[in-house]
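Asks: Provided herewith is a single structure, encoded as structure tokens, for subsequent inquiry.
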Amino acid sequence: MTTLLAGCAIAGPTPLGASPSASPSPTPTAACPQGEGIDLPPDCAPYDPDNAMAQNERYRDRMDLSAESRDAAEKPANDIRTGLETLRTSGDLSVEAVQAVFADAGLADVQTLGDERAVAFGAAAPEGGCIFGEVSAELLTVEIGGVIMDGGCLPAVGH
């Protein structure tokens, strides 16, 4: 059984100061990129595509880190740098070996991305922030910084 409903719409009261014949401004129904010298139709909500792309990448930005947190991370970061330099020059690089270097420095829950050719890493520092970087046969970086806007010390895979 199909039910059909019919109805009538009655115009509501006229707002104060408006004339009954005033037409409402159109409601945007689409987002349209702004461009210099381009007039957008009234049903477009303008946006700046370059700014939108920049904002889309903000998840990788690091939050500020206090001087106390940075100081507390210096010793484990130096221990990790020494251990990873030994791995790098020995040719025994692997995700498991990188995780062992962090464990030896007293840091658990290291995030890693990579394989035996190169490993990106990040772990929570003792008093906040992160110790992060990358190691390969050709390169070693170990840095101290705040967590990324997404949370954690490394961007999620697929970002």
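In the numbering used here, the protein residues as written are 1 to 159. Idealized CB from N, CA, C, for every residue including glycine. The structure presented is a predicted model; accordingly, all values stated were derived computationally and were not measured.
1) Compare the Cα-Cα distances from residue 87 to each of 44, 32, 116 and report the closest residue.
2) Measuring straight from C-alpha to C-alpha, what distance separates residue 128 and residue 67?
3) Whole angstroms is fine: what's the gap from residue 107's alpha carbon to residue 73's?
4) Taking the alpha carbon of residue 118 as the reference point, which residue from 97, 143, 64, 146 has its own alpha carbon closest?
5) Terminal residues of the continuous alpha helix (DSSP H) containing residue 65?
6) What whole-angstrom Cβ distance do residue 70 and residue 144 have, given they're in contact under 8 angstroms?
7) Which residues does DSSP pair with residue 131 in a beta bridge?
8) Residue 111 by DSSP, collapsed to three states: which one?
9) Judging by CA-CA distance, which residue of 114, 89, 113, 83 is the nearest neighbour of residue 100?
10) If you follow the beta strand (DSSP E) that residue 30 is part of, which residue opens it and which one closes it?
11) Applying the 10 Å Cβ sphere with the 16-neighbour rule, what's the burial state of residue 123?
12) Looking only at its chain, what residues have a beta carbon closer than 6 angstroms to the beta carbon of residue 93, apart from the 5 residues adjacent to it on each side?
13) Report the CB separation of residue 105 from residue 80 in whole angstroms; it is logged as a contact under 8 angstroms.
14) Return the CA-CA distance between residue 121 and residue 111, expressed in angstroms with no decimal places.
Replies: If we stick to the structure as given:
1) Against the sequence shown, residue 87 aligns to sequence position 87. It is 116.
2) Here residue 128 is taken as the residue at index 128 of the sequence shown, counted from 1. Here residue 67 is taken as the residue at index 67 of the sequence shown, counted from 1. Rounded to the nearest angstrom, the two C-alpha atoms are 11 angstroms apart.
3) To locate residue 107, count along the sequence shown from 1; it is residue 107. To locate residue 73, count along the sequence shown from 1; it is residue 73. Whole-angstrom Cα-Cα distance: 10 angstroms.
4) Locating residue 118 in the sequence shown gives position 118, counting from the first residue. It is 97.
5) By one-based count along the sequence shown, residue 65 stands at place 65. Premise fails: residue 65 is in no alpha helix (DSSP H) and is neither H nor E.
6) In the sequence shown, the residue the question calls residue 70 occupies position 70. In the sequence shown, the residue the question calls residue 144 occupies position 144. Yes, residue 70 and residue 144 are in contact; Cβ-Cβ is about 6 angstroms, under 8 angstroms.
7) Residue mapping note: residue 131 aligns to position 131 of the sequence shown, counting from 1. For residue 131, which the question treats as bridged, DSSP gives the partners 123, 144.
8) Here the question's residue 111 lines up with position 111 in the sequence shown. Strand.
9) Here residue 100 is taken as the residue at index 100 of the sequence shown, counted from 1. Closest option to residue 100, Cα to Cα, is 83.
10) Against the sequence shown, residue 30 aligns to sequence position 30. From DSSP, the beta strand (DSSP E) with residue 30 extends over 30-33.
11) Here residue 123 refers to the residue found at position 123 when the sequence shown is read from its first residue. Residue 123 is buried by the Cβ-count criterion.
12) Counting from one through the sequence shown, the residue named residue 93 turns up at place 93. Contacts found: 87, 116.
13) For the purposes of this step, residue 105 is taken as the residue at position 105 of the sequence shown. For the purposes of this step, residue 80 is taken as the residue at position 80 of the sequence shown. Confirmed, Cβ separation roughly 5 angstroms.
14) Along the sequence shown, read from residue 1 onward, the residue named residue 121 stands at position 121. Along the sequence shown, read from residue 1 onward, the residue named residue 111 stands at position 111. If you take the alpha carbons of residue 121 and residue 111, they lie about 6 angstroms apart.
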